[in-house]
Amino acid sequence: MLTRKSATAATSARRLRGTAARALGQTMDRRAFLKRSGLGVGAGALATQLPYNFIGAADAAAPAGASRAEGKAEIRRTICTHCSVGCAADAVVRNGVWVHQEPVFDSPINLGAHCAKGASLREHGHGEYRLKYPMKLVDGKYQKISWEQAMNEVGDRLLKIREESGPDAVYFIGSSKHNNEQAYLLRKFVSFWGTNNTDHQARICHSTTVAGVANTWGYGAMTNSYNDMQNAKAMLFIGSNAAEAHPVSLLHILHAKENGAKMIVVDPRFTRTAAKAHQYIRIRSGTDVPFLFGLLYHIFQNGWEDKQYIEDRVFGMDRIRDEVLAKWTPDKVEEACGVPEDQMLLAARTMAENRPSTIVWCMGQTQHTIGNAMVRASCILQLALGNIGKSGGGANIFRGHDNVQGATDVGPNPDSLPGYYGLAAGSWKHWCGVWGVDYEWVKSRYASQEMMEKSGITVSRWIDGVLENKDLIDQPAGNLRAVVYWGHAPNSQTRGAEMVEAMKKLDTLVVIDPYPSATASMAAMVRKDGVYLLPACTQFETTGSCTASNRSL
Numbered sequence: 012m013l014t015r016k017s018a019t020a021a022t023s024a025r026r027l028r029g030t031a032a033r034a035l036g037q038t039m040d041r042r043a044f045l046k047r048s049g050l051g052v053g054a055g056a057l058a059t060q061l062p063y064n065f066i067g068a069a070d071a072a073a074p075a076g077a078s079r080a081e082g083k084a085e086i087r088r089t090i091c092t093h094c095s096v097g098c099a100a101d102a103v104v105r106n107g108v109w110v111h112q113e114p115v116f117d118s119p120i121n122l123g124a125h126c127a128k129g130a131s132l133r134e135h136g137h138g139e140y141r142l143k144y145p146m147k148l149v150d151g152k153y154q155k156i157s158w159e160q161a162m163n164e165v166g167d168r169l170l171k172i173r174e175e176s177g178p179d180a181v182y183f184i185g186s187s188k189h190n191n192e193q194a195y196l197l198r199k200f201v202s203f204w205g206t207n208n209t210d211h212q213a214r215i216c217h218s219t220t221v222a223g224v225a226n227t228w229g230y231g232a233m234t235n236s237y238n239d240m241q242n243a244k245a246m247l248f249i250g251s252n253a254a255e256a257h258p259v260s261l262l263h264i265l266h267a268k269e270n271g272a273k274m275i276v277v278d279p280r281f282t283r284t285a286a287k288a289h290q291y292i293r294i295r296s297g298t299d300v301p302f303l304f305g306l307l308y309h310i311f312q313n314g315w316e317d318k319q320y321i322e323d324r325v326f327g328m329d330r331i332r333d334e335v336l337a338k339w340t341p342d343k344v345e346e347a348c349g350v351p352e353d354q355m356l357l358a359a360r361t362m363a364e365n366r367p368s369t370i371v372w373c374m375g376q377t378q379h380t381i382g383n384a385m386v387r388a389s390c391i392l393q394l395a396l397g398n399i400g401k402s403g404g405g406a407n408i409f410r411g412h413d414n415v416q417g418a419t420d421v422g423p424n425p426d427s428l429p430g431y432y433g434l435a436a437g438s439w440k441h442w443c444g445v446w447g448v449d450y451e452w453v454k455s456r457y458a459s460q461e462m463m464e465k466s467g468i469t470v471s472r473w474i475d476g477v478l479e480n481k482d483l484i485d486q487p488a489g490n491l492r493a494v495v496y497w498g499h500a501p502n503s504q505t506r507g508a509e510m511v512e513a514m515k516k517l518d519t520l521v522v523i524d525p526y527p528s529a530t531a532s533m534a535a536m537v538r539k540d541g542v543y544l545l546p547a548c549t550q551f552e553t554t555g556s557c558t559a560s561n562r563s564l
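Heads up, the sequence shown is in our numbering, so the first residue is 12 and it goes up one at a time.
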């Protein structure tokens, strides 16, 4: 797990000789090696992300005739962008060039570790295929244009569409890769544009979690922290393959095992996470609800529920109990998910007799047509056991992108304003006060007050906003005429053929990304013009904050 990422591909002969001499001079086991390999690595002093001017080709940035060693090394702290764990990394900058990276040993999240994905951070800025200038599709080929031309043409096209068809004819797709400040500003911009037609990746990964958890106890997010899992006495993984999707989280999971915690993994596949489990349970895909209610059956049948906790803090559990005992008997559960009664009883006993116990889920639960029901069932199990609001317990929801939680909290959502405010007049008046603008002016930017207070089109349905009969689209503008993609790739969704057809029908498509994405490629397959490809900073070239899955900032 402990990885050092150097800027150079080859290691110097002097370093090799020194390493060999030390290796011959003493003997150490694996544990000692891992422990000693961290000595002497300094922690970064600045909690900021790497500014844009620190990215460049290493050889070109150094003065002519000067060696890299002549420059003063600076440490810039940043956050890994590959998943939502929130691992810290120290970027070593010399002569204005990001030359090296180190894991951060004083981070409570990654504890000096990198996974293989995190070890590649530096290469995001140095990639040879990065976009360096704006481009425009002309006769089916992308051609270089100036920033002035790009800004003028894109702005003129969007404003013309707004004037002709109204503000709802343009769709803005944001990103869970944007930091909190960027996500917030995009939602503010879209509000001033006069539409709620905006969204980001959370819609197609954990929107079922946000809704399911919020409708169970009020707030749609992970309840505990990664390092708090070390306090758990039992852990149930269902719809999560943490060893591969969130590798560094496994540090805390394995620490919990060292402390005596029991680990149960429920998955249709035997994964690397399952290989670490005390009990692995194979279920049929999509049968999470019968499985979870099957656990509840044994918990209620044996009186293992936390009766005092339920009496003090839970409403409606008696109705759950009646339904579970009547409908989800062991034979029905085995028929649904293929798990025999003895395995169900063992898992239920493990969770009940080893409290506080925690449950972990990811997109193995959420990306189903009944994902919301799966999430609710997971939450209900934890409420029955009295595990919510306790260290070592909780619902540990491992999300995807590095700032998917923050972008959901404050960013471009079609059904809410920042901070999960709704779209009612009172919410708008609050945010108009925060923004220092007149509520009536913002209202005038919308087609009507009805559209101002109505949820916009989601990112999974913008295709229908283009292709459906305009009379079936619930907005005065009718069909969408322009889409702005900013840090989002369409190949994360299904309906690819329909998406290409929708791109063909648009008047204007704007793609903003550090690299040429599938969006630009798909559009060029079916269009001759009307597409703009604009370069963007990577996350490491911006200043701001992001919110990890456990809500740490």
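Built from N, CA and C at the ideal position, the CB exists for glycine as well.
Between which residues of its own chain and alanine 347 is the CB-CB distance below 6 Å, once the five residues before and five after are set aside? The residue you call residue 347 lines up with position 336 of the sequence shown. The residues are Thr298 and Pro301.
Could you tell me which whole alpha helix (DSSP H) segments of length 4 or greater appear in the stretch 334 to 402? 341 to 348, 352 to 364, 374 to 377 and 382 to 396
Keeping to the same chain, check which residues put their C-beta closer than 7 Å to that of serine 571; ignore five residues upstream and five downstream. Summary: the structure shown does not reach residue 571, with the chain confined to residues 12 through 564, and so no result is reported for it.
Which stretch, first to last residue, makes up the alpha helix (DSSP H) that contains histidine 309? Counted from its first residue, the sequence shown places residue 309 at position 298. Here the alpha helix (DSSP H) through histidine 309 covers 299 to 312.
By DSSP, does tyrosine 450 sit in helix, in strand, or in coil? Against the sequence shown, residue 450 aligns to sequence position 439. Residue state, collapsed to three classes: helix.
Over the uninterrupted alpha helix (DSSP H) stretch that includes leucine 196, give me the two end residues. Residue numbering aside, residue 196 sits at position 185 when the sequence shown is read from its first letter. Start and end: 191 to 204.
For lysine 273, which residues of its own chain have a beta-carbon under 6 Å away from its beta-carbon, when the five flanking residues on both sides are left out? As a position in the sequence shown, residue 273 is number 262, starting the count at 1. Within the same chain, and ignoring the five residues on either side of lysine 273 in sequence, the residues whose Cβ sits closer than 6 Å to its Cβ are Ala245, His289, Thr361 and Asn365.
Beta strand (DSSP E) segment containing valine 149, residue limits: As a first step, residue 149 must be located in the sequence shown, where it is residue number 138. Element bounds for valine 149: 146 to 149.
Which residue or residues does DSSP assign as beta-bridge partners of leucine 247? Mapped onto the sequence shown, residue 247 falls at position 236. DSSP output for leucine 247 lists Ile275 and Ile370 as bridge partner(s).
Under the three-state reduction of DSSP, which class applies to alanine 256: helix, strand or coil? Stepping through the sequence shown from its first residue, residue 256 is reached at position 245. Alanine 256 falls in the helix class under three-state DSSP.
6 Å CB neighbourhood of glutamate 352 in its chain, flanking five on each side removed: In the sequence shown, the residue the question calls residue 352 occupies position 341. The residues are Pro341.
Count the other CB atoms within 10 Å of the CB of proline 119; is the residue buried (16 or more) or exposed (fewer)? Against the sequence shown, residue 119 aligns to sequence position 108. Around the CB of proline 119, fewer than 16 other CB atoms lie within 10 Å, so the residue is classed as exposed.
Would you please state the rounded distance, in angstroms, between the beta carbons of valine 259 and cysteine 98? I believe it to be under 8 Å. If you number the sequence shown from 1, residue 259 lands on position 248. If you number the sequence shown from 1, residue 98 lands on position 87. That belief holds up - the Cβ atoms of valine 259 and cysteine 98 are roughly 5 Å apart, short of 8 Å.
Closest by CA to valine 344, which one among Trp372, Lys401, Gly305 and Arg324? Your numbering for residue 344 matches position 333 in the sequence shown. Among Trp372, Lys401, Gly305 and Arg324, the Cα nearest to that of valine 344 is on Gly305.
Closest to asparagine 414 by CA distance: which of Gln504, Leu564 and Glu269 is it? As a first step, residue 414 is located in the sequence shown; it is residue number 403 there, counting from the start. Of the residues Gln504, Leu564 and Glu269, the one whose Cα lies closest to the Cα of asparagine 414 is Leu564.
Would the beta-carbon of glutamine 376 fall within 8 Å of that of serine 389? In the sequence shown, residue 376 corresponds to position 365, counting from 1. In the sequence shown, residue 389 corresponds to position 378, counting from 1. Contact flag set, yes.
How close, in whole Å, do the beta carbons of tyrosine 230 and asparagine 561 come, if the pair is a contact with beta carbons under 8 Å? Start at 1 with the first residue of the sequence shown, and residue 230 comes out as number 219. Start at 1 with the first residue of the sequence shown, and residue 561 comes out as number 550. About 13 Å separates the two Cβ atoms, so there is no contact after all.
Within 10 angstroms of its Cβ, does serine 296 collect 16 or more other Cβ (buried), or is it exposed? By 1-based counting over the sequence shown, the position of residue 296 is 285. Counting Cβ neighbours within 10 Å, serine 296 comes out exposed, since fewer than 16 surround it.
Return the Cβ separation of alanine 513 and valine 477 in integer angstroms, given the expectation that the two are a contact with Cβ distance under 8 Å. On the sequence shown, residue 513 is found 502 positions in, with the first residue counted as 1. On the sequence shown, residue 477 is found 466 positions in, with the first residue counted as 1. Distance from alanine 513 to valine 477 at the Cβ level is roughly 4 Å; contact confirmed, criterion being Cβ atoms closer than 8 Å.
Residue environment, glycine 314, which counts as buried when at least 16 other CB atoms sit within 10 Å: Translated into the one-based positions of the sequence shown, residue 314 becomes position 303. Label assigned to glycine 314: exposed.
Tyrosine 543 and valine 511: beta carbons closer than 8 Å? The residue labelled residue 543 in the question sits at position 532 within the sequence shown. The residue labelled residue 511 in the question sits at position 500 within the sequence shown. No, these two residues do not count as a Cβ contact at 8 Å.
By DSSP, does asparagine 226 sit in helix, in strand, or in coil? Position 215 of the sequence shown, counting from 1, holds the residue named residue 226. Asparagine 226 falls in the helix class under three-state DSSP.
Determine the burial state of tyrosine 144: buried for a count of at least 16 other Cβ atoms within 10 Å of its Cβ, exposed for fewer. Counted from its first residue, the sequence shown places residue 144 at position 133. Its Cβ having fewer than 16 others within 10 Å, tyrosine 144 is exposed.
Starting from valine 325, follow its DSSP beta bridges and name the residues at the other end. Counted from its first residue, the sequence shown places residue 325 at position 314. According to DSSP, which records beta bridges pairwise, valine 325 is partnered with nothing at all.
Rounded straight-line distance, which links the Cα of valine 110 to that of arginine 133: For the purposes of this step, residue 133 is taken as the residue at position 122 of the sequence shown. For the purposes of this step, residue 110 is taken as the residue at position 99 of the sequence shown. Those two C-alpha atoms are separated by around 8 Å.
Just checking my contact of leucine 307 with leucine 392 at CB under 8 Å: how many whole Å lie between their CB atoms? The sequence position of residue 307 within the sequence shown is 296, counting from 1. The sequence position of residue 392 within the sequence shown is 381, counting from 1. Confirmed, Cβ separation roughly 6 Å.
Can you name, in chain order, every residue of its own chain whose Cβ lies under 6 Å from the Cβ of glutamate 255, other than the five neighbours on each side? Counting from 1 along the sequence shown, the entry for residue 255 is found at position 244. Here the set comprises Arg283.
Assign histidine 111 to one of three DSSP states: helix, strand, or coil. As a position in the sequence shown, residue 111 is number 100, starting the count at 1. The answer is strand: DSSP assigns histidine 111 an E or B state.
Taking the beta strand (DSSP E) that valine 521 belongs to, which residues open and close that run? Position 510 of the sequence shown holds residue 521. Run containing valine 521: 519 to 524, per the beta strand (DSSP E) assignment.
Local conformation of tryptophan 497 per DSSP, three classes: As a working note, residue 497 is residue 486 in the sequence shown. Assignment of tryptophan 497 by DSSP, reduced to helix, strand and coil, places it in the strand class.
For leucine 142, count neighbouring Cβ atoms within 10 angstroms of its own Cβ and tell me buried if that reaches 16, exposed if not. In the sequence shown, the residue the question calls residue 142 occupies position 131. Buried, since its Cβ has 16 or more Cβ neighbours within 10 Å.
Taking a contact to mean a Cβ-Cβ separation below 8 Å, would you say lysine 515 touches leucine 148 in this structure? If you number the sequence shown from 1, residue 515 lands on position 504. If you number the sequence shown from 1, residue 148 lands on position 137. No. Outside cutoff.
To the nearest angstrom, how far is the alpha carbon of glutamine 486 from that of valine 453? Within the sequence shown, the letter at position 475 stands for residue 486. Within the sequence shown, the letter at position 442 stands for residue 453. Those two C-alpha atoms are separated by around 18 Å.
Which of helix, strand or coil DSSP assigns to valine 470: Walking along the sequence shown from the start, residue 470 turns up at place 459. Looking at valine 470 - three-state DSSP - the assignment turns out to be coil, as it is neither helix nor strand.
Threonine 554 burial status per 10 Å Cβ neighbour count (16 or more: buried): By one-based count along the sequence shown, residue 554 stands at place 543. Exposed, since its Cβ has fewer than 16 Cβ neighbours within 10 Å.
Residue range of the unbroken beta strand (DSSP E) whose run includes isoleucine 90: One-based indexing of the sequence shown puts residue 90 at position 79. Start and end: 84 to 90.
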